[in-house]
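Engineer:
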Amino acid sequence: MRIVFWTGFWVFLLDQLTKYLVVHSLNLRQLGAIDVWPPFFNLRMAWNYGINFGLMAGDNPLTRWVLIAVAVVISGAVLWWVHSDPAGRWQKIAAGLLVGGALGNVVDRLIYGAVADFINLSCCGINNPFAFNIADIAVFIGAFGMVLLPSGKNPS
Numbered sequence: 002m003r004i005v006f007w008t009g010f011w012v013f014l015l016d017q018l019t020k021y022l023v024v025h026s027l028n029l030r031q032l033g034a035i036d037v038w039p040p041f042f043n044l045r046m047a048w049n050y051g052i053n054f055g056l057m058a059g060d061n062p063l064t065r066w067v068l069i070a071v072a073v074v075i076s077g078a079v080l081w082w083v084h085s086d087p088a089g090r091w092q093k094i095a096a097g098l099l100v101g102g103a104l105g106n107v108v109d110r111l112i113y114g115a116v117a118d119f120i121n122l123s124c125c126g127i128n129n130p131f132a133f134n135i136a137d138i139a140v141f142i143g144a145f146g147m148v149l150l151p152s153g154k155n156p157s
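Counting along the sequence shown from 1, when you hit position 15 you're at 16 in the working numbering, and nothing is skipped either side.
(1) Around the C-beta of L104, are 16 or more other C-beta atoms found within 10 angstroms, so that it is buried, or is it exposed?
(2) Determine the DSSP secondary structure at N43, reduced to helix, strand or coil.
(3) Have a look at L44 and L149 and give me their C-alpha separation to the nearest angstrom.
(4) Can you find at least 3 beta carbon pairs, one from the region 76-83 and one from the region 116-133, that sit closer than 8 Å?
(5) By Cβ distance below 8 Å, which residues in the same chain neighbour Q92 in space, the five residues on each side in sequence not counted?
(6) Between the alpha carbons of R90 and A144, how many angstroms are there, rounded?
(7) Assign N49 to one of two classes, buried (16 or more other C-beta atoms within 10 Å of its C-beta) or exposed (fewer than that).
(8) Which stretch, first to last residue, makes up the beta strand (DSSP E) that contains F119?
(9) Suppose you measure from the CA of I112 to the CA of P40; what does that come to, to the nearest Å?
Right, here's the structure in full:
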C-alpha cells in the first residue's frame, strides 16, 4: 500500500501546486486565458461544476456534494480493492494515480465549489474548446491502468 499512498500523495501535491500557481500566482482566474505555446499549449480558465467535459454541470450545491461523495466513495473502494486483492506494482501505481487525482478534484470542489481546469491542448488545425488539469489526467490514466494492467495474482 506504500506505493499507492506515495503515488497518490505526489499526484495530489502536484495537482494542487499547479492549480495554485495557475489560478492565483498567474492570476488566470482574472485573466481567463494565457497563450503559452499557441496553438498547442495554452492556459484557459474553466470552472467545471460537473463531471468531465461539463457533464451534469450546473451550479447546483446538491450536485457539488453528490460529486464529492461519489469521488470519496470511489477512492475508498479502489483502496479497499487494492488492499484486499493482490495487485501488481503497476496496478498499485494506477490506483494511486486515480485516488490522488480524485482527491485533488474533491479539494477544488470544497474550496472553490467547482474543479479548476486550465490546461488546453490543440493541434493540427483542431481547436480544442475543453480544458483539464493534472488530476483529470491522473484519474484517466489511473482508471485505465486499474482495468488494463495485470494484477499481482499468479494464474492458476
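Ideal Cβ placement from N, Cα and C applies to all residues, glycine included.
Remember, it's a predicted structure, so these values are computed and weren't measured experimentally.
Structural biologist: Inspection of the coordinates gives the following:
(1) Buried is the call here.
(2) Look at N43 here: in three-state DSSP terms it is strand.
(3) Cα atoms of L44 and L149: separation of roughly 31 Å, rounded to the nearest angstrom.
(4) Taking a contact to require three or more Cβ pairs closer than 8 Å, the region 76-83 and the region 116-133 do not qualify as touching.
(5) Counting only Cβ-Cβ distances below 8 Å, and skipping sequence neighbours, we find V83, G146, M147, L150, P151, S152, G153.
(6) Rounded to the nearest angstrom, the gap between the Cα atoms of R90 and A144 is 15 Å.
(7) Classified as buried, N49 has 16 or more neighbouring CB atoms from the shown chains inside 10 Å of its CB.
(8) Taken as a continuous stretch (DSSP letters only), the beta strand (DSSP E) holding F119 covers 116-122.
(9) Going by the C-alpha atoms only, they are around 31 Å apart.
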